[in-house]
Structure formats: structure tokens, C-alpha cells
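*Asks:* I'd like to ask some things about the structure below.
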Amino acid sequence: MDSDLCILGAGPAGLMAAICAARQRAGVTVVEANPSAGRKLLVTGGGRCNLTHNATIDEFVRAFGEAGRFLRHSFHEMSAADVRMFFHDRGLLTTVEADGCVFPAEGRAVDVRKVLLAEAKQAGARLRYGSPAIGVALDENGFAVATARHVIRAKRLIVATGGVSWPQTGSTGDGYRFAAALGHTIVAPKAALVPLVTQQKWPGSLAGVAVPDVRICAERSPRKIASVGAIVFTQDGIGGPAAQDISRLLADELADAGSDIGLCIDLLPQTPSPQLDGQLQQKLSACARKSISNVLADLVPRRLAATLCTLAGCDGQTQAGQVSRETRRAIAALLKALPVNVTGTRPIAEATVTCGGVDRRQIDPKTVASKVCTGLYFAGEVIDADGPCGGYNLQMCFSTGALAGRSAARSLSDEAPSTA
1 MDSDLCILGA
11 GPAGLMAAIC
21 AARQRAGVTV
31 VEANPSAGRK
41 LLVTGGGRCN
51 LTHNATIDEF
61 VRAFGEAGRF
71 LRHSFHEMSA
81 ADVRMFFHDR
91 GLLTTVEADG
101 CVFPAEGRAV
111 DVRKVLLAEA
121 KQAGARLRYG
131 SPAIGVALDE
141 NGFAVATARH
151 VIRAKRLIVA
161 TGGVSWPQTG
171 STGDGYRFAA
181 ALGHTIVAPK
191 AALVPLVTQQ
201 KWPGSLAGVA
211 VPDVRICAER
221 SPRKIASVGA
231 IVFTQDGIGG
241 PAAQDISRLL
251 ADELADAGSD
261 IGLCIDLLPQ
271 TPSPQLDGQL
281 QQKLSACARK
291 SISNVLADLV
301 PRRLAATLCT
311 LAGCDGQTQA
321 GQVSRETRRA
331 IAALLKALPV
341 NVTGTRPIAE
351 ATVTCGGVDR
361 RQIDPKTVAS
371 KVCTGLYFAG
381 EVIDADGPCG
391 GYNLQMCFST
401 GALAGRSAAR
411 SLSDEAPSTA
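Here's what the structure looks like:
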């Protein structure tokens, strides 16, 4: 089977690459190991699919840290506004939530996949499901991609196979193997956007309890690790966006320090400490016959309120009017700086995205073409680039996919013989 362009992976990056290349009249074949496309896409954002973030290109660049400068061309190729317009033009409206996250208006990830698949097929791309690539090699005309069923020969190749997180969705890391075989260096994959494991056991008693707006900062960290957002307590620690956003930095810090890392969680970041103590004193006086736990439940989730009482050394059923000044101040201190010690992170298989991948230094940021192997392109999570929670990583997939598809199609057009 021959094709102008073969794309490995039918996730968001691969499908967007297929759409953009096929629109420019390239013959496109997409090879997907799974029996259907976009399996990881369906579980993003809790099944709602956090498409992108309501942010400027400069804000996206900053969000990706060291990888941001590399990604700038990709974000210009397809910005967050472009992504929203792409889906809007095909009948899928989006909505921006208070935190800037962009979701389909109906909140269904399956609708996003439906649009991508319909557009890819309409553009003329051929999709081959249940065809895991076994190996990739160079041949006289470009590339030979071996699958269990056949060999696809293509002039250009885009690797959009994702990372190794969430392997149950088909992320096997095969793209790293193919890239290495074609001469690329692979930055060792590790977990990014993954829950934290704590030394303390009390978070387990709060598993499933969410706090929507906190600030987390690491104590005595030279990296100035901090984040804001929601957290969710888990069986062995803390998850949620605010915790996951700093997980990669904490993993690096843990490796360097060789011991646990202390975190402080500000449960009420909008209220300064002196003001909070005064407010708490007023609440306790106004609700003197209520239990202290019930009073605190006006500020934080009820189960967390009970735990705070225990950590402060008081009985949660004590009447508010009987709480001593020392206990009140201890509770106020916990509300502003709840201490936990992080001992590690959950395994990479549980991470939302993978940190590491194909070394960016071997990829041209203007085209996402390989600097090592002519005709080879990369898109999505297979590249060593990862951003925070909130739609940033999916935007990166769409942007690099669009740039890869258009770049590959342009290169094919440039080498085509003139008919003039």
C-alpha cells in the first residue's frame, strides 16, 4: 500500500495532522493500533473533553516553561481561538468556564471525536484501525511502515503516537522506539500531571473530597514551587489540578533532595490570616451552640472540617462557644497552611500526560520536521513538551498536529514536478 503521507496515531494530534494535510490534497493514511480513534480523548476532562484554554499565545508559551519557545510557531499555526472556530464551524459550540477552561457546550468528548473523524474522512484521509505499527524503516522513496497486516510505503511520516501515560487507552510509547530507530534521542519519560503521595495517612479518610480553590506552595524549595486551583484528596495523598500541576517539579525535587518535600495548602487563599482569625472568632460567637465542626463546614467541606478539628487537637462536637483562643488560632493556622509531606507521585500509568519524549533540539520548531531524518515529522505528546492542567496539552496536540500536517503537505507539493 502506497501513500503520500503516513500518520502513526489517530489521537487529537494525528487526526488534526490528517485533516490539515488531506485538505492540501496529500494522500493520507492514518495507522491506529486501537479498534477506534481517540480513545484517550474520550476520557479527558472527566469525559467532557477540555479542548483548550482561553489564553493568548504568549500565555500558552509561558505555561509550557522551557518547551514554550519551541511551541510558539505551533501555537501561531493553530491558536486556541482557531481551535474553537474549527469546531464552531462544524456545529460544535464551546463554552469557557470561570477558570478559563474551554469545553464543548454539551460537555461530551464523543462529540469532539465525531467532528475530527468526520472532517478527516471528508478531507479524504484513510484510517486503518487495529493496525499497530510493528516497525518503521527508511526505503528508497521515503518510509516503510510495517503493520501486522501489510506494509505502507510513504514519502512522508508523522509520528503522533502519544506518550506512555494511561496505557489502557493504547499509549504504549512505541513512537519513542520508532524515533530512536530513525536516529533520535529520547528524553526519559516520566509522570506529569499525576496525583501526589503523602506521608500523612489522614488524606485517605477524605478520599473524594474536593476543595475548589486553594494555593499550594513548597517549603524551602529553591524552585519556588507553587500552584493554585482545585484539589481532591485521594486514598494516599492529593490529586486535582493544583496538585498535579506541580507533580513533575516535585518529582524532580524529591530526586534531588532524597527526602520528602513539605507543602503548605492554603484552603482559603482569598482571606488574609489576620482577617480570617477575626472572622472565625465572630462565627464562633454567633453560632455558640453549634459544634465547631458544623461552623467550619461553612468554610470547607464537612468531612475536611472534622479532620481539621482533629489535627488541631479538639473534638469536632465541642460547642463553638467553648472553643479556646488557642484552639481557634490553631484551626485558623491550619486553614491558611495545612501541612503535608510529599514522599512521591503515583505511577506514570496514572499520569494525565507524559513528561519526556523526542528531544526538541532534534525537531525544527517552524515545521516540527526532524532535523535528523528528512521527511519525518512529530506531533503531540510524543514530543518532549508538557503543560499544566486546563486544556493546555490538548491545545498543544492540535497545534503541533496542524503544523505537522501542513508542513508535510507543503514539502510534498514543493517536490512535485511542475506541469507548466
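UniProt numbering puts the first residue of the sequence shown at 1, with every later residue one more than the last.
Idealized CB from N, CA, C, for every residue including glycine.
Tell me V342's beta-bridge partners as DSSP assigns them.
*Replies:* Taking the sequence shown and counting its residues from 1, one reaches residue 342 at position 342. According to DSSP, which records beta bridges pairwise, V342 is partnered with T198 and I261.
*Asks:* Kindly identify the DSSP beta-bridge partner or partners of T169.
*Replies:* Position 169 of the sequence shown, counting from 1, holds the residue named residue 169. None; T169 has no bridge partner.
*Asks:* By how many angstroms is the C-alpha of F70 removed from the C-alpha of R360?
*Replies:* As a working note, residue 360 is residue 360 in the sequence shown. As a working note, residue 70 is residue 70 in the sequence shown. Spanning the two alpha carbons is a distance of roughly 7 Å.
*Asks:* To which residues of the same chain is Q317 closer than 6 Å at the C-beta, ignoring the five residues directly before and after it?
*Replies:* Position 317 of the sequence shown, counting from 1, holds the residue named residue 317. Within the same chain, Q317 has close Cβ partners S291.
*Asks:* Would you tell me roughly how many angstroms separate the C-alpha atoms of V112 and L92, rounded to the nearest one?
*Replies:* Numbered from its first residue, the sequence shown carries residue 112 at position 112. Numbered from its first residue, the sequence shown carries residue 92 at position 92. Approximately 8 Å between the Cα atoms of the pair.
*Asks:* Where does H53 fall in DSSP's three states?
*Replies:* Taking the sequence shown and counting its residues from 1, the one referred to as residue 53 is at position 53. Reduced to three states, the DSSP call for H53 is strand.
*Asks:* What is the rounded straight-line gap between the Cα of T419 and the Cα of A120?
*Replies:* Residue numbering aside, residue 419 sits at position 419 when the sequence shown is read from its first letter. Residue numbering aside, residue 120 sits at position 120 when the sequence shown is read from its first letter. Low confidence applies to T419: its pLDDT is 44, below 50, so where it sits in the model is not reliable enough to give any reading.
*Asks:* Rounded to the nearest angstrom, what separates T147 and A10 at their Cα positions?
*Replies:* One-based indexing of the sequence shown puts residue 147 at position 147. One-based indexing of the sequence shown puts residue 10 at position 10. Near 15 Å, if we compare the C-alpha coordinates of A10 and T147.
*Asks:* I'd like the list of long-range same chain contacts for R48, defined as Cβ closer than 8 Å, with 5 residues on each side in sequence excluded.
*Replies:* Here residue 48 refers to the residue found at position 48 when the sequence shown is read from its first residue. Cβ within range, chain order: F103, P104, G107, R108 and A109.
*Asks:* Between the beta-carbon of T307 and the beta-carbon of W202, is there less than 8 Å?
*Replies:* Translated into the one-based positions of the sequence shown, residue 307 becomes position 307. Translated into the one-based positions of the sequence shown, residue 202 becomes position 202. Their beta carbons are under 8 Å apart, which means T307 touches W202 by this criterion.
*Asks:* Which term fits P35, buried or exposed, when burial requires 16 or more other beta carbons within 10 angstroms of its beta carbon?
*Replies:* Residue 35 sits at position 35 when you count from the first residue of the sequence shown. It is exposed - the Cβ of P35 has fewer than 16 other Cβ atoms within 10 Å.
*Asks:* Answer with buried or exposed for I238, where buried requires no fewer than 16 other C-beta atoms within 10 angstroms of its C-beta.
*Replies:* Numbered from 1 along the sequence shown, position 238 holds the residue referred to as residue 238. Classification of I238: buried, given that the 10 Å Cβ count is 16 or more.
*Asks:* What runs of the beta strand (DSSP E), each 3 residues or longer, lie entirely inside the region 275-305?
*Replies:* Those beta strand (DSSP E) runs which fall completely within the region 275-305 and span 3+ residues do not exist here.
*Asks:* Where does T400 sit, in a helix, a strand or coil, going by DSSP?
*Replies:* The residue labelled residue 400 in the question sits at position 400 within the sequence shown. In the structure shown, T400 sits in a helix (DSSP, three-state: H, G or I).
*Asks:* Is DSSP giving V323 helix, strand or coil here?
*Replies:* If you number the sequence shown from 1, residue 323 lands on position 323. Note: V323 maps to coil in three-state DSSP.
*Asks:* Taking F103 as part of the alpha helix (DSSP H), name the residues at either end of that continuous run.
*Replies:* In the sequence shown, residue 103 corresponds to position 103, counting from 1. Looking at the DSSP string, F103 is not in any alpha helix (DSSP H); the run it does join, the beta strand (DSSP E), is C101 to P104.
*Asks:* Going by alpha carbons, who is nearest to H184 out of E415, N393 and K371?
*Replies:* As a working note, residue 184 is residue 184 in the sequence shown. Minimum Cα distance to H184 is reached at K371.
*Asks:* Can you tell me the Cα-Cα spacing of P222 and P272, whole angstroms?
*Replies:* One-based indexing of the sequence shown puts residue 222 at position 222. One-based indexing of the sequence shown puts residue 272 at position 272. If I take the Cα positions, the gap works out to 25 Å.
*Asks:* Taking 8 Å as the cut-off, does the region 38-48 touch the region 18-27 (at least 3 CB pairs, one atom from each stretch)?
*Replies:* Result no; under three Cβ-Cβ pairs closer than 8 Å.
*Asks:* If distances are taken between C-alpha atoms only, which option among M396, G357 and S171 comes closest to E350?
*Replies:* As a working mapping, residue 350 is identified with position 350 in the sequence shown. Of the listed residues, the one whose Cα sits closest to E350 is S171.
*Asks:* Can you list, in chain order, the residues of its chain whose CB lies under 8 Å from that of A332, leaving out five sequence neighbours each side?
*Replies:* Looking up residue 332 in the sequence shown gives position 332. Excluding sequence neighbours, A332 sits near S273, L276, D277 and L280.
*Asks:* What residues match up with L127 in a beta bridge as DSSP calls it?
*Replies:* One-based indexing of the sequence shown puts residue 127 at position 127. DSSP lists V30 as partners of L127.
*Asks:* Look at the alpha carbon of G65 and the alpha carbon of F75, and state the distance between them as a whole number of angstroms.
*Replies:* For the purposes of this step, residue 65 is taken as residue 65 along the sequence shown, with counting starting at 1. For the purposes of this step, residue 75 is taken as residue 75 along the sequence shown, with counting starting at 1. Whole-angstrom Cα-Cα distance: 14 Å.
*Asks:* Could you give the distance in angstroms between the alpha-carbon of F143 and the alpha-carbon of L182?
*Replies:* Locating residue 143 in the sequence shown gives position 143, where the first residue counts as 1. Locating residue 182 in the sequence shown gives position 182, where the first residue counts as 1. Rounded to whole angstroms, F143 to L182 spans 10 Å at the Cα level.
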